[in-house]
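**Student:** The structure follows.
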Amino acid sequence: MESSLILVFMFTSLVVFMLSGAGLAFVLGAIAFISTILLWGPSALIVAVLNTFETMTSEALMAIPLYVLMASILQKSAIIEALYDAMETWFSGVNGGLAVGTIAICTILAAMTGVVGAAVAAMGILALPSMLARGYHPPLALGAICAGGTLGILIPPSVVTIVYAITAQISIGKMFAAGIVPGLILAGSYAAYIVIRTWLNPALAPKPEQASAVPLSAKLAKTKSLILPGLVVLGVLGSIYAGIATPTEAAAVGVLGAAASAIVTRKLTLPMLSEAAADTLRVTAMILWITIGARAFISVFVATGGADSLLNFVETLEASRWIVLGVMVLVLIFLGLFLDEIGIILLCVPVFLPIVTVLEFDPLWFGVLFMITAQMAYITPPFGYTLFYLKGVLPEGISIGQVYRGVIPFFLIQVVVLILFALFPSLVTWLPEMLSARMK
Amino acid sequence: QGATKWRMQALWGGGTTPMLYEEKFCDRVRELTGGSLDITPFAGGQIVPSAQAFDAVRGGAFEMMKTFDGYTAGKIKAHGFSSTVPFGFPDADQYEAWFYERDGLAMAKESYEPAGLTYIAPTVYGEEPIHSKVEIRKIADMDGLKGRFVGLASAVMADFGVSVSPLPTSEVYSALDKGLIDFADRGDIKANYEEGIHEVAKYLILPGVHQPSTATAYVANTGAYSRLDDQQKAALEVAAREVSGALRQNIISANGEYLKKYQEAGVEIIDLAAEDVAEARGKAVESWKAAAGEDPLAKRMMESQMALMQELRLL
Amino acid sequence: MTAIAEGITALNRLLFALAKWLVYAIVLLMLWEVLSRYLVQAPTSWAPELATLIFGPFFLLGGPYLLHIGGHVAVDVLSERATGGFAKILKIIGFILAAAFGAILLWFAVPLAVQSWEYGETSYSAWNPVIWPAKAFLPLASALLLLQALAEIVLTLGDEEAA
Ligand code: NA
Ligand code: NA
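Order-wise, the sequence lines are chains U, X and Z. Letter by letter, the first sequence follows residues 1 to 440 of the working numbering. Letter by letter, the second sequence follows residues 1001 to 1315 of the working numbering. Letter by letter, the third sequence follows residues 2001 to 2163 of the working numbering.
Okay, structure coming up:
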C-alpha cells in the first residue's frame, strides 16, 4: 500500500475506533493488529509481545507507580490538603492562586522526573481534589495540570531529552541545560495566563471568604504545612543531585518520605497503605496497558512506512530555511497527534537533523523546539496521552470533554512560546553556552 | 520477476555511523544481486528493541537482523563468546581471524541452527573505552570503585573488586555527572564524545579491557534464507565481509580523530600497561569458565579462542 | 453463564488485591539498593534487577480487573450520549476489542514464554536469574484479560434479560 494511504488509514481508524468509546489501550492494539495482518503479515504480530517484554522491565517506566504511590500516600495523609489550605491563605490576594501554586508544584515535580505519565497522574491525585473542592472551574484546573505535567520533558532530568540527545548525537548535559530556561518561561507563561484569565473572570477561581483580611501572623502559622512536603521534595531532589540515587530510585526515596510524613500526621495505617497501593495499581495498569497498545501501533506504523511520504516530502522540499523549519515542526505536531514522543524521535530525528544542519540551524536549539512540540503532542485533543492519564484519575462526573476544553488555552500558549524561541534562539542557547564556556 | 523484499532490524540509532554502514550493506547486496534482493534496514528500537530482535526474526516479523550476540547469551551460552569477551582478544583482527580462519564462524552457525536462524557473518571491530572520574593507572586501581558494566563484563569486573551497578545506557551520563558511579563503559569513543561524556569524566582508560574487541552479526530467518538463490546468499556474505572491514577501519580512524578532541577538552588518556592487562587476562579465564558452565558449545568456543590466544602468546 | 462470569470477575478481583502489594516490594528493593550503594559502597547485583522483574507482573495483573471497574481510559464524548440498545452495542464492541487484544497477546506470548523456559533463559547479568517466570505473566495476564472481556459481554447481555 502507498505510504500516504497507510498514514490516512491508521489515523482515521484511530479516530473512528476511539469515538466508539472502547478502551484506548485496546483501540490502539486492535488497529495495530488489523494493520499488521493486512500490511505486514500475521506472523509479525509477535512484535507486540516482544515490545511488551521490554516494557515489562523498563527502569524508566518504573517511576510511574513510585510517583503515583508517593502522591497517593501524601494525599491520604492530609498533607496535601493542608498545603493547599496554606496556599489558599498565602495567595488569597492572587487571582487563581491555587492554580498558580499547582504550576509551581508541577515545576518542582518536573525537576524530579521526566516521565510525563508519572507527573500527570501524581498531580491529578495531589492537586485536582483540592482545587475542585474549592470551586475551581474544572477545565482551568485540568488544563493547568495537563500542561504543568508535561514540563518534565524540558526541565531535566528527562527521558525524552536523553533519547533525543542520543539520537541527535549531541551532549546530554548541554541538552539538559538548554531545556531549563524554556521550561521556566513556559511555566511562567502558564501562571501568567491563569492570573490574567481569573482576573478577567473571578468566577473561575473563587477566593476564600475574608480574603483581604488574613493577617501576616495567620499566614506564617500556616507555613508549617510546608515542612513535610518540603522534606519529601528535598529527599527526592537531594538524592538525585547529590549522586545518591538514579531518578527512579529517588522516586522510591519519595515514597519513604511520604510514608514518614504520614507517620507524623498519624495517618499511616494498613488500610491506608492498602488503598494507596490499589490507587497505584489502577493508575499504573491504565498507563502501562496503553503503552503496550501504543508500542504495537508505532511498530506497525514504522515497519509499513506510514510516515515515509511525509518524511520524503520534507527531504525534497526546496524552500526558504524558515519554511522548511515550519514544515518540520508541523510534521512533528501532526505525528504527535497519534504517536508517542520516543516513537517520533526514532522516526523523525535521523531524517530531520541532517536538514537542520544543512540549513545551518543549531541542533541544540532545534532539540528544544522538538521538546516543546512533544509537550504539545501530549496535550493535543483528541489524542494526547496526558489527557487520558488524567482522565484515569478524575472523580466521577468530569468528562474527557472538559479536559479537552481545558487544555486548548495552554496549547495556544505553547504555540506562542514555540514561535518566541524560534525567533529568539539565544533564549535557548545562552545557558548551555555559558556553562560550556565556564568549563573551559 | 520481482525482487525479493526483506526487512532487517539493525542495532543502531538512525543517522549514526554504524547505521550508515548497515545502509551501505543493503545497497551493496542490491548491487551484487542486480537488484534481486532488496533489504530495508530499520534503526535499532524503531520496531522492536534490539534485545528482542532474535525472537522477531525467528517469528518471521523480519527476514534478517543485525544483532549483538550478547543480547541472547542468556538463552544461548555460546553467544557470550561470539559477541565480546572481557579481557579477550586485544585486537579486532585476531578476533575476526578466529571467526574466519579457525572454527569461529562454523560454531556461530551451529549456535543459531536449532533456533531456526542462519548466522551469515560477523562485523568485528575494536575496543570500547572506559570513562572514569578518578585516576585508574592499573587494573588493581579499579578495586573498590563503583562502576557501570553490563553483561558478562559486570561479573568479570566484580571479580576484580568493582562494585558494579548495571545502569541503563541512558543513565550513564547523569550517573557519572552526579558521582553515582566512579567509572563506566558506554559506547564507542566517538559516540561517547558526542554524548558529552568528556564533560563529566576527566579520564579515558585504554584499552577498554571490559570489551577489547566486539563482534556483531548478520543473522537470517532460515526459512527465508533457504528461499534465496546461490547468488543472493553469496552477496550477503560478500557484503557482510566488506562492511566488517570498512566499519572497523572507519572506527580506527574516528578513534584517532576523537581521542584528540578528548585531549583538547582536558581529558587525560591513560594507557594501561600491556603486562598488567595480560596478567588480568589470566585471572579472567576463571570468569570465562564460569560463564561457559557445562554448555558443550560454549566450552568449545572458549577453548578454541584460548588455544588461539595461547599460540599468539596472549595467555 | 452469569455464574461463570462472576467467578472470573472474583478471580481477577483477588489477583488485583494481591498484586497491588508488589509496589511496596519495588519500593523496598530500590531503597535497599540506594542504601547498599551509598552507605556500604557495595551495590547489590540483584535488588534493582529483581525490582524490574516484579514491575511487569505488577501492572499486567492489574489490567483484567481494571476492565471490570471501567478503569481503562476511553473517549466517552459520544458513548456518553448513547442510550438503550445502541449504548449496549458500543459497550460490547469495546469488550470485543479487549478480548481480541488479550487473545492475540496470548497466542503469541505462550510459545515465547515456553521457549524461554526450555532455554532456561537467564538475564546474562552479574546476578543472572532465570527470567521465564516474569515472562510467563504476560500470557497469564492476557488469558485473564480475554476471560474478563468475555465475562463482561455475558454480564452486559445478562442485564438485558433481567430487564
Ligand atoms: Na524532568
Ligand atoms: Na497528541
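For each residue, glycine too, the CB sits at the ideal point set by N, CA and C. This structure is a prediction, so every number in the text was calculated from the model and none was measured.
Is the beta carbon of Leu28(U) less than 9 Å from the beta carbon of Ala294(U)?
**Tutor:** Contact flag set, yes.
**Student:** Helix, strand or coil for Phe2086(Z)? Go by DSSP, reduced to three states.
**Tutor:** If DSSP states are grouped into helix, strand and coil, Phe2086(Z) belongs with the helices.
**Student:** Within the same chain, show all residues whose beta-carbon is closer than 7 Å to that of Leu353(U), passing over the 5 residues directly before and after it, in chain order.
**Tutor:** Same-chain partners within the cutoff: Ala168 and Pro363.
**Student:** Quick one: list the residues of chain U neighbouring Gly1045(X), beta-carbon separation under 7 Å, in chain order.
**Tutor:** Under the 7 Å cutoff, chain U gives Leu346.
**Student:** Ligand 1 and Thr386(U): does any heavy atom of the ligand fall closer than 8 Å to the residue's C-beta?
**Tutor:** Because no heavy atom of ligand 1 lies under 8 Å away, the Cβ of Thr386(U) does not count as near it: no.
**Student:** Would you check whether ligand 1 has a heavy atom nearer than 8 Å to the C-beta of Pro156(U)?
**Tutor:** At least one heavy atom of ligand 1 is nearer than 8 Å to the Cβ of Pro156(U), so yes.
**Student:** Whose Cβ in chain U lies nearer than 7 Å to the Cβ of Ala1056(X)?
**Tutor:** By Cβ distance, chain U contributes Ile46, Val47 and Leu50.
**Student:** Can you tell me whether Glu2121(Z) is helix, strand or coil according to DSSP?
**Tutor:** Three-state DSSP puts Glu2121(Z) in coil, outside helix and strand.
**Student:** Give me the Cβ distance between Phe33(U) and Ala2100(Z), rounded to the nearest whole Å; I'm assuming they're in contact under 8 Å.
**Tutor:** Contact flag correct, Cβ pair sits at about 7 Å.
**Student:** Kindly identify the DSSP beta-bridge partner or partners of Lys1066(X).
**Tutor:** Answer is Tyr1218(X), bridged to Lys1066(X).
**Student:** Could you check where the alpha helix (DSSP H) with Trp289(U) kicks off and where it finishes?
**Tutor:** Residues Leu270 to Ala303.
**Student:** Quick one: complete beta strand (DSSP E) runs, 3+ long, within the segment 1110-1172 of chain X?
**Tutor:** Within the segment 1110-1172 of chain X, the complete beta strand (DSSP E) runs of at least 3 residues are 1117-1125, 1130-1132 and 1146-1148.
**Student:** Who are the neighbours of Lys1146(X) on chain Z, taking C-beta pairs under 8 Å?
**Tutor:** Neighbours of Lys1146(X) on chain Z, chain order: Arg2037, Gln2041 and Pro2043.
**Student:** Go ahead and label Thr269(U) buried or exposed: buried means 16 or more other beta carbons lie within 10 angstroms of its beta carbon, across all protein chains shown.
**Tutor:** Classification of Thr269(U): exposed, given that the 10 Å Cβ count is below 16.
**Student:** Following a CB-centred definition, is Gly152(U) positioned closer than 8 Å to any heavy atom of ligand 1?
**Tutor:** Checking every heavy atom of ligand 1 against the Cβ of Gly152(U), one is found closer than 8 Å.
**Student:** Taking 9 Å as the threshold (beta carbon to beta carbon), is Ala2163(Z) in contact with chain X?
**Tutor:** In this prediction, Ala2163(Z) scores a pLDDT of 44, lower than 50, which makes its location untrustworthy; no coordinate-derived value is stated.
**Student:** Taking Cβ-Cβ distances shorter than 7 Å, what residues in chain U pair up with Pro1168(X)?
**Tutor:** Residues of chain U passing the Cβ test: Glu59.
**Student:** Could you give the C-beta distance for Ala1217(X) and Pro1122(X), rounded to a whole number, given that I count them as a contact under 8 Å?
**Tutor:** Sure, about 5 Å apart at Cβ, within 8 Å.
**Student:** In chain U, which residues lie with their C-beta within 8 Å of the C-beta of Arg1007(X)?
**Tutor:** Neighbours of Arg1007(X) on chain U, chain order: Ala303.
**Student:** Taking 8 Å as the cut-off, does the CB of Thr1118(X) come closer than this to any heavy atom belonging to ligand 4?
**Tutor:** Because ligand 4 does not appear in the structure shown, any question about it cannot be addressed here, the ligands present being ligand 1 and ligand 2.
**Student:** Identify every residue that forms a DSSP beta bridge with Val2130(Z).
**Tutor:** Answer is Thr2122(Z).
**Student:** If I'm right that Leu2018(Z) touches Tyr2065(Z) with Cβ under 8 Å, what's the distance once you round it to whole angstroms?
**Tutor:** Not really, about 11 Å apart at Cβ, beyond 8 Å.
**Student:** Nearer than 8 Å: is that true of the beta carbon of Thr246(U) relative to any heavy atom of ligand 1?
**Tutor:** Because no heavy atom of ligand 1 lies under 8 Å away, the Cβ of Thr246(U) does not count as near it: no.
**Student:** Flag this pair as yes or no: are the beta carbons of Ala187(U) and Gly230(U) separated by less than 9 Å?
**Tutor:** It is not a contact, given that the beta carbons lie outside the stated cut-off.
**Student:** Between which two residues does the beta strand (DSSP E) harbouring Tyr1042(X) extend?
**Tutor:** Per the sequence shown, the amino acid found at residue 1042(X) is Phe instead of Tyr. Element bounds for Phe1042(X): Leu1037 to Phe1042.
**Student:** Compute the Euclidean distance between the alpha carbons of Val236(U) and Ile2089(Z), then round it to the nearest angstrom.
**Tutor:** Spanning the two alpha carbons is a distance of roughly 48 Å.
**Student:** CA-CA distance, Ala1053(X) and Ala2136(Z)?
**Tutor:** For Ala1053(X) and Ala2136(Z), the distance between alpha carbons rounds to 19 Å.
**Student:** Tell me whether Met2001(Z) is buried or exposed, calling it buried when 16 or more other Cβ atoms sit within 10 Å of its Cβ.
**Tutor:** Label assigned to Met2001(Z): exposed.
**Student:** Can Met1107(X) and Ser1082(X) be called in contact, C-beta distance under 9 Å?
**Tutor:** Result yes, Cβ atoms of Met1107(X) and Ser1082(X) sit closer than 9 Å.
**Student:** How is Met123(U) classed by DSSP in three states: helix, strand or coil?
**Tutor:** Of the three classes helix, strand and coil, the one that applies to Met123(U) here is helix, per DSSP.
**Student:** Give me the subset of the segment 1172-1191 of chain X whose CB atoms are less than 8 Å from a CB atom of chain U, sorted by chain position.
**Tutor:** The residues in question are Tyr1173, Ser1174, Ala1175, Asp1177, Lys1178, Gly1179, Leu1180 and Ala1191.
**Student:** Mark Gln1231(X) as exposed unless 16 or more other C-beta atoms lie within 10 angstroms of its C-beta, in which case mark it buried.
**Tutor:** Exposed, since its Cβ has fewer than 16 Cβ neighbours within 10 Å.
**Student:** Label Asn2012(Z) either buried or exposed according to how many other C-beta atoms from any shown protein chain fall within 10 Å of its C-beta, with 16 as the threshold for buried.
**Tutor:** Asn2012(Z) comes out buried.
**Student:** What span of residues does the beta strand (DSSP E) with Phe1183(X) cover, start to end?
**Tutor:** That run of the beta strand (DSSP E) goes Phe1183 to Asp1185.
**Student:** With 9 Å as the limit, tell me which residues of the segment 2124-2158 of chain Z have their beta carbon closer than that to any beta carbon of chain X; keep them in chain order.
**Tutor:** Cβ contacts with chain X: Tyr2124, Ser2125, Ala2126, Trp2127, Asn2128, Val2130 and Ile2131.
**Student:** Note down, in chain order, every chain X residue with its Cβ under 7 Å from the Cβ of Tyr241(U).
**Tutor:** Near Tyr241(U) (Cβ distances below 7 Å), the residues of chain X are Lys1178.
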